[in-house]
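In this note's numbering, the protein residues as written are 539 to 763.
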């Protein structure tokens with residue numbers, strides 16, 4: 539199956555001055571923690587955005603539907619002002635409802651081909667592939683903009699996630715020809731290992747949002763690229 543042709547969205551259509559296509563998918567991928575205090579989440583995210591991540595993903599497994607919707611809208615507004623693409627985790631309907639820049643979906647979030655069709659050509663589709671090569675390959679065939687493997691290291695956010703070998707990243711970069719995100723337990727101390735394997739994106743939660751100075755930590759990750 540051939541990959542759908544995607545092209546950059548004009549700044550006024552993107553609504554944020556940032557490009558929605560996959561051309562700039564390299565760098566720090568900031569992923570929000572499970573924070574139910576919206577004011578705290580916004581304050582932390584503002585600091586992270588000051589460090590210019592490549593993407594910011596809203597992920598909150600502790601929030602109900604109403605809180606998720608409110609937090610997603612607030613974060614989307616922040617990202618638009620910062621010029622950083624905003625991705626919604628595990629909720630395609632919410633991503634479409636608020637006109638987010640994309641969605642990041644797991645194995646329980648519906649068929650990737652249907653998500654690709656719903657998002658259209660200009661929004662970003664990312665897929666969690668765990669340590670599953672077949673899911674990554676199938677995702678590439680239906681036009682995912684990036685795939686994510688993990689956990690690369692023991693993870694506080696996903697303590698039960700099985701480990702993903704670095705070789706998956708290297709193979710994906712060689713055979714699939716699309717950006718690869720590394721997820722799970724990534725810190726400044728171990729980031730070089732996954733970058734050496736070929737990762738394009740470092741998806742970070744705890745080491746970023748839990749830092750004493752999230753803006754400085756984000757800038758430090760950005761400097762790795």
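C-beta: ideal position from N, C-alpha, C; glycine also. What you are looking at is a predicted structure, and each value in this text was computed from that prediction instead of being measured.
### Query
From this set, 732, 602, 616, 690, which residue's C-alpha is nearest residue 587's C-alpha?
The residue given as residue 587 occupies position 49 in the chain shown. Comparing Cα-Cα distances from residue 587 to each of 732, 602, 616, 690, the minimum goes to 616.
### Message
How far does the alpha helix (DSSP H) with residue 586 in it extend, from its first residue to its last?
### Response
For this step, residue 586 is matched to residue 48 along the chain shown. Here the alpha helix (DSSP H) through residue 586 covers 576-588.
### Query
Going straight from the alpha carbon of residue 727 to that of residue 710, what length do you get?
Taking the chain shown and counting its residues from 1, the one referred to as residue 727 is at position 189. Taking the chain shown and counting its residues from 1, the one referred to as residue 710 is at position 172. Rounded to whole angstroms, residue 727 to residue 710 spans 24 Å at the Cα level.
### Query
Can you give the Cα-Cα distance for residue 687 and residue 675, rounded to whole angstroms?
Counting from 1 along the chain shown, the entry for residue 687 is found at position 149. Counting from 1 along the chain shown, the entry for residue 675 is found at position 137. Distance between the alpha carbons of residue 687 and residue 675: 12 Å.
### Task
Following the continuous alpha helix (DSSP H) through residue 763, name the residue where it begins and the one where it ends.
As a working note, residue 763 is residue 225 in the chain shown. Annotation: residue 763 is outside any alpha helix (DSSP H) and is labelled neither H nor E by DSSP.
### Query
Nearest to residue 602 by alpha carbon, out of 623, 574, 626, 678?
Mapped onto the chain shown, residue 602 falls at position 64. When C-alpha distances from residue 602 are compared across 623, 574, 626, 678, the shortest belongs to 574.
#### Entry: Residue ranges of each alpha helix (DSSP H) within the segment 623-690, 4 or longer
630-635, 650-657, 671-679
### Message
Let me make sure I understand the geometry here. Which of 707, 624, 649 has the alpha-carbon closest to that of residue 671?
### Response
As a working mapping, residue 671 is identified with position 133 in the chain shown. Checked all of 707, 624, 649; the closest Cα to residue 671 is 707.
### Query
So, is residue 598 buried or exposed, given that buried needs 16 or more other C-beta atoms within 10 angstroms?
Here residue 598 refers to the residue found at position 60 when the chain shown is read from its first residue. Per the 10 Å Cβ criterion, buried.
### Query
What is the rounded straight-line gap between the Cα of residue 639 and the Cα of residue 570?
As a first step, residue 639 must be located in the chain shown, where it is residue number 101. As a first step, residue 570 must be located in the chain shown, where it is residue number 32. One C-alpha to the other measures close to 16 Å.
### Task
Give the DSSP-derived three-state secondary structure of residue 714 in the structure shown.
Along the chain shown, read from residue 1 onward, the residue named residue 714 stands at position 176. Looking at residue 714 - three-state DSSP - the assignment turns out to be coil, as it is neither helix nor strand.
#### Entry: Rounded C-alpha distance that separates residue 594 from residue 647
On the chain shown, residue 594 is found 56 positions in, with the first residue counted as 1. On the chain shown, residue 647 is found 109 positions in, with the first residue counted as 1. Each residue's alpha carbon lies about 19 Å from the other.
### Task
Classify residue 722 as helix, strand or coil using the three-state DSSP reduction.
One-based indexing of the chain shown puts residue 722 at position 184. In the structure shown, residue 722 sits in coil (DSSP, three-state: anything other than H, G, I, E or B).
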